[in-house]
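Worksheet: one structure, shown below.
Protein chains: 2
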Amino acid sequence: MIKACLFDVFGTLVDWRTSIAREAESILSPLGIALDWPLFADAWRDQYQPAMEEVRSGRLPFSKLDVLHRRNLDVVLAAYGIDHLDEATKHALNRAWHRLDAWPDVAPGLAALRQKVLLAPCSNGNISLMVDLARHNGLVWDAILGAEIARAYKPMPAVYLACADAFDIAPEHTLMVAAHSSDLAAAAAAGLQTAFVARPDEMGPGLGEVAPSTRVDYCVSSILELAQIL
Amino acid sequence: MIKACLFDVFGTLVDWRTSIAREAESILSPLGIALDWPLFADAWRDQYQPAMEEVRSGRLPFSKLDVLHRRNLDVVLAAYGIDHLDEATKHALNRAWHRLDAWPDVAPGLAALRQKVLLAPCSNGNISLMVDLARHNGLVWDAILGAEIARAYKPMPAVYLACADAFDIAPEHTLMVAAHSSDLAAAAAAGLQTAFVARPDEMGPGLGEVAPSTRVDYCVSSILELAQIL
Numbered sequence: 002m003i004k005a006c007l008f009d010v011f012g013t014l015v016d017w018r019t020s021i022a023r024e025a026e027s028i029l030s031p032l033g034i035a036l037d038w039p040l041f042a043d044a045w046r047d048q049y050q051p052a053m054e055e056v057r058s059g060r061l062p063f064s065k066l067d068v069l070h071r072r073n074l075d076v077v078l079a080a081y082g083i084d085h086l087d088e089a090t091k092h093a094l095n096r097a098w099h100r101l102d103a104w105p106d107v108a109p110g111l112a113a114l115r116q117k118v119l120l121a122p123c124s125n126g127n128i129s130l131m132v133d134l135a136r137h138n139g140l141v142w143d144a145i146l147g148a149e150i151a152r153a154y155k156p157m158p159a160v161y162l163a164c165a166d167a168f169d170i171a172p173e174h175t176l177m178v179a180a181h182s183s184d185l186a187a188a189a190a191a192g193l194q195t196a197f198v199a200r201p202d203e204m205g206p207g208l209g210e211v212a213p214s215t216r217v218d219y220c221v222s223s224i225l226e227l228a229q230i231l
Numbered sequence: 002m003i004k005a006c007l008f009d010v011f012g013t014l015v016d017w018r019t020s021i022a023r024e025a026e027s028i029l030s031p032l033g034i035a036l037d038w039p040l041f042a043d044a045w046r047d048q049y050q051p052a053m054e055e056v057r058s059g060r061l062p063f064s065k066l067d068v069l070h071r072r073n074l075d076v077v078l079a080a081y082g083i084d085h086l087d088e089a090t091k092h093a094l095n096r097a098w099h100r101l102d103a104w105p106d107v108a109p110g111l112a113a114l115r116q117k118v119l120l121a122p123c124s125n126g127n128i129s130l131m132v133d134l135a136r137h138n139g140l141v142w143d144a145i146l147g148a149e150i151a152r153a154y155k156p157m158p159a160v161y162l163a164c165a166d167a168f169d170i171a172p173e174h175t176l177m178v179a180a181h182s183s184d185l186a187a188a189a190a191a192g193l194q195t196a197f198v199a200r201p202d203e204m205g206p207g208l209g210e211v212a213p214s215t216r217v218d219y220c221v222s223s224i225l226e227l228a229q230i231l
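Here the protein sequences line up with chains A and B, keeping their order. Going left to right, the first sequence walks through residues 2 to 231 as the working numbering numbers them. Going left to right, the second sequence walks through residues 2 to 231 as the working numbering numbers them.
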């Protein structure tokens with residue numbers, strides 16, 4: 002019996018690649034910068050796991066993802082040879098992560114699921130980032146859970162367990178939903194049930210995971226489909 | 002400029018006294034127990050501050066309010082000489098705190114405020130308790146903040162500051178709303194703006210605070226009135 006659903010957000014609920022490409026273009030192209038914007042988004046996202054690994058390894062104290070994104074932006078801008086942006090522009094660009102668009106099935110799918118179970122993000126994104134994404138996309142959560150309340154980054158088991166504990170629901174009655182097998186494998190190892198949702202275009206057309214590479218309890222093509230089968 | 006409102010919950014948004022009296026009667030009177038139910042609610046609530054003081058003083062590690070309520074229930078039952086309740090009954094009684102009714106202005110008031118600013122509880126109640134009260138009363142929050150994310154109890158300044166920080170909003174742009182002067186004085190000392198909402202019947206008819214005994218930025222008689230003046 003599932004009493005709560007936890008959601009990965011980047012890629013699973015929101016299309017970070019298209020959104021970051023759009024936001025970067027809207028901020029940087031008026032400054033005379035012309036790039037392959039989706040590749041710029043990829044380059045920024047490529048710094049994501051290495052930055053969190055600094056925290057997971059203990060080399061860096063826990064820092065909100067906004068802070069890591071901002072450090073990563075400096076790395077990416079340097080790699081592109083862009084060295085003339087002022088601090089306000091870099092801040093505005095970093096806030097692009099707060100304006101990512103949800104995949105079209107997400108808002109109606111979550112609304113349907115919320116009739117049945119408790120819902121929270123279990124993302125590595127910080128609370129204010131999740132709050133802004135919810136407002137931007139009209140999502141209603143019961144709570145904002147995830148890395149910031151656990152002060153650890155997925156796939157550390159502490160993150161999944163902290164979310165279930167915050168809801169006071171046993172891990173085996175909690176469903177982790179993600180488009181990434183690695184996330185679901187870690188959640189399953191922590192005792193949660195798991196649902197894979199396919200986002201085949203997450204990394205660019207046809208470049209997302211189309212099927213899980215780990216054993217999962219549910220496998221769906223949208224959040225609406227998950228709401229129908231639960 | 003106010004960008005977020007934080008709310009005390011027990012007494013400010015929900016009528017704990019009438020609700021606990023009703024829930025206790027509904028669980029205990031079928032067992033042949035007859036009490037003055039509002040006084041039973043008062044007796045339970047009287048253990049609230051002493052229990053949190055054990056945590057604030059460092060004598061007890063941080064424990065969720067559900068855990069403190071459960072310990073306090075044992076104290077109150079012993080004082081009443083009620084020694085024959087089984088664990089399931091005591092658990093059900095403890096969950097009464099998850100079923101408190103909001104004052105009538107709260108749901109429409111929060112809905113109106115949410116058109117203007119971010120909203121979260123900043124309560125000593127734990128996350129799951131806040132989640133259940135929101136569901137029970139049809140309240141929509143942007144996040145569930147408060148004691149559990151700070152791992153400290155109000156009026157420790159860390160609680161107010163952790164909530165503002167989670168929203169990434171400066172304390173001076175954050176409004177703490179409460180029916181209790183002591184809560185507002187602590188929030189103001191931490192740098193937040195403050196709003197007093199009168200709940201004259203919180204402790205029983207005519208026994209709540211009718212006016213603040215500390216300097217506040219706003220003074221209203223309902224959450225709807227707060228929404229109108231912000």
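The beta-carbon is built from N, C-alpha and C at its ideal position, and this holds for glycine as well.
Can you pull the chain B residues whose beta carbon is under 7 Å from the beta carbon of residue 129 of chain A, in chain order? 167, 168, 169
For residue 1 of chain B, which beta-bridge partners are listed by DSSP? Since the first residue shown for chain B is 2 and the last is 231, residue 1 of chain B is missing from the structure and cannot be characterised.
Please report the straight-line C-alpha distance between residue 178 of chain A and residue 149 of chain A, rounded to a whole angstrom. 18 Å
Spell out a yes or no on whether the stretch 113-120 of chain B and the stretch 79-99 of chain B are touching, meaning 3 or more CB-CB pairs, one atom from each, closer than 8 Å. no
6 Å CB neighbourhood of residue 218 of chain A in its chain, flanking five on each side removed: 194, 195
Specify the secondary structure class of residue 109 of chain A as computed by DSSP and reduced to three states. helix
Straight-line CA distance for residue 105 of chain B to residue 126 of chain B? 21 Å
Hey, how far is the Cα of residue 17 of chain B from the Cα of residue 39 of chain B? 10 Å
Measure the CB-CB distance between residue 73 of chain A and residue 52 of chain A and report whether it falls below 7 Å. yes
Cutoff 6 Å; reference residue 99 of chain A; Cβ partners in own chain excluding five residues on either side: 130, 133
Compare the Cα-Cα distances from residue 139 of chain A to each of A/157, A/145, A/167, A/103 and report the closest residue. A/103
Test: residue 132 of chain A CB closer than 7 Å to a CB of chain B: yes
Sorted by chain position, which residues of the same chain lie with C-beta nearer than 7 Å to residue 152 of chain B's C-beta, five sequence neighbours on each side aside? 63
Can you tell me whether residue 171 of chain B is helix, strand or coil according to DSSP? coil
The stretch 13-30 of chain B / the stretch 197-211 of chain B touching (three or more Cβ pairs under 8 Å): yes
At the 7 Å Cβ level, is residue 87 of chain A part of the contact set with chain B, yes or no? no
Runs of alpha helix (DSSP H) wholly within the stretch 6-48 of chain A (minimum 4 residues, chain order): 17-29, 38-47
Identified DSSP bridge partners for residue 146 of chain A: A/123
Confirm, please, whether the CB-CB distance from residue 7 of chain B to residue 123 of chain B is below 7 Å. yes
Please list, in chain order, all residues of the same chain as residue 1 of chain B whose beta carbon is under 6 Å from its beta carbon, the five residues on each side excluded. Absent from the model: residue 1 of chain B. The displayed extent of chain B is 2 to 231, so no value can be given.
For residue 107 of chain B versus residue 3 of chain B, is the C-beta distance shorter than 7 Å? no
Consider the Cβ of residue 144 of chain A: report whether some Cβ of chain E lies at a distance smaller than 7 Å. This model lacks chain E altogether; the protein chains it does include are A and B.
Exposed or buried, what is residue 111 of chain B when buried is set at 16 or more other beta-carbons lying within 10 Å of its beta-carbon? buried
Please confirm whether residue 230 of chain B has its beta-carbon closer than 7 Å to some beta-carbon of chain A. no
Chain A residues whose Cβ lies nearer than 7 Å to that of residue 3 of chain B: Neighbours of residue 3 of chain B on chain A: none; closest Cβ ~16 Å, over 7 Å.
Residue environment, residue 56 of chain A, which counts as buried when at least 16 other CB atoms sit within 10 Å: buried
Proximal chain B residues relative to residue 135 of chain A, where beta-carbon distance stays under 8 Å: 143
Using 7 Å as the threshold, is the C-beta distance between residue 144 of chain B and residue 128 of chain A below it? yes
Taking residue 221 of chain B as part of the alpha helix (DSSP H), name the residues at either end of that continuous run. Where residue 221 of chain B is concerned, there is no enclosing alpha helix (DSSP H), although the beta strand (DSSP E) it sits in stretches over 219-221.
Can you give me the Cβ contacts of residue 109 of chain A inside the same chain, cut-off strictly under 7 Å, excluding the 5 residues immediately before and after it? 225
Closer than 7 Å, Cβ to any Cβ of chain B: which residues of the stretch 111-125 of chain A, in chain order? 119
Start and end residues, alpha helix (DSSP H) containing residue 137 of chain B: 128-138
Find out if the Cβ-Cβ distance for the pair residue 12 of chain A, residue 180 of chain A is shorter than 7 Å. yes
Distance, residue 46 of chain B Cα to residue 30 of chain B Cα: 20 Å
Residues of the stretch 148-164 of chain B with Cβ closer than 8 Å to any Cβ of chain A, in chain order: 149, 150
Look at residue 186 of chain B and residue 215 of chain B and say whether their C-beta atoms are less than 7 Å apart. yes
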